[in-house]
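Dropping the structure here:
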């Protein structure tokens, strides 16, 4: 099926509350936005320059794809995300461990994703990881959406679970669909889900613990630790 992307651009200038720019303490910042506001970042760069802040524009982020921002993560001390909502900003903060400021282009207000917010998410994910490690039957989630389809990774995880840990008698099953929603996965006899699609999927409320494919290696470490303790 052919997919056509039609970008919608923000026609107005973005608003900037210059007083709130004082909240940004770092001197090297990366500027990132969704594609709607990509053409409206010049004014922000100029204002930052007058305040002695060196900015580096990295382009736009799309959905849960943070590739453009990650390319400059090592060169900046913090990020300014130009857009509305916290979805992209929280994902960026979790992925880079950098401070992320949100500039709402409609109101001009600037605020930061707090450490408290991030710690709550990290603790919740850690709890899911530990619960998942106690499982015997795993469902591996695969999205058929363009840009998220990762059958190779799913098969790799399935192989590791069933072949490298035969003594644990683990089972893994593949679940593929365009819309992966908690309500679509009710009733399946699995102990935990392993997600190979959008990494933000794990923030939804599933009836079973769900972890990202990138966190799978941590489960393996827990398995190895359990095996070591049993042998001793």
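Residue numbers (our numbering): 0 to 231. Every residue, glycine too, gets a C-beta built ideally from N, C-alpha and C. These figures come from a predicted structure and were not determined experimentally.
Collapsing the DSSP output to three states places residue 105 in coil. Per DSSP, residue 185 lies in no alpha helix (DSSP H) segment and is marked neither H nor E. Looking at the DSSP output, residue 192 shares a beta bridge with 138 and 209. Check the Cα spacing between residue 127 and each of 22, 112, 210 and 75: the tightest is with 210. In the structure shown, the three-state DSSP call for residue 97 is coil. Contact check for residue 174 against residue 200 fails: the beta carbons are separated by 8 angstroms or more. In the DSSP assignment, residue 77 falls within the beta strand (DSSP E) that extends over 77 to 81.
For residue 132, the secondary structure class from DSSP, reduced to helix, strand or coil, is coil. Per DSSP, the continuous beta strand (DSSP E) segment holding residue 27 begins and ends at 27 to 32. Excluding five sequence positions before and after residue 183, the CB atoms of its chain that fall closer than 8 angstroms to its own CB belong to 176, given in chain order.
Contact between residue 136 and residue 188 holds: CB atoms are separated by about 6 angstroms, below the 8 angstroms threshold. Counting C-beta atoms within 10 angstroms of its own C-beta, residue 4 has fewer than 16 neighbours from the protein chains shown and is therefore classed as exposed. Within the same chain, and ignoring the five residues on either side of residue 108 in sequence, the residues whose Cβ sits closer than 7 angstroms to its Cβ are 16 and 19.
One thing to note: residue 99 has its Cβ no nearer than 8 angstroms to the Cβ of residue 13.
Take residue 147, set aside five residues on each side of it, and the residues of its chain with a beta-carbon closer than 7 angstroms to its own are 196 and 197, in chain order. According to DSSP, residue 171 shares a beta bridge with 137. Within 10 angstroms of the beta-carbon of residue 33 lie 16 or more other beta-carbons, which makes it buried.
Spatial neighbours of residue 121 in its own chain (CB-CB distance under 8 angstroms, excluding positions within 5 residues in sequence) are listed in chain order as 93.
Annotation for residue 55: no alpha helix (DSSP H) segment contains it, though the beta strand (DSSP E) segment containing it runs 53 to 59. Here residue 202 carries a helix assignment [DSSP, helix/strand/coil].
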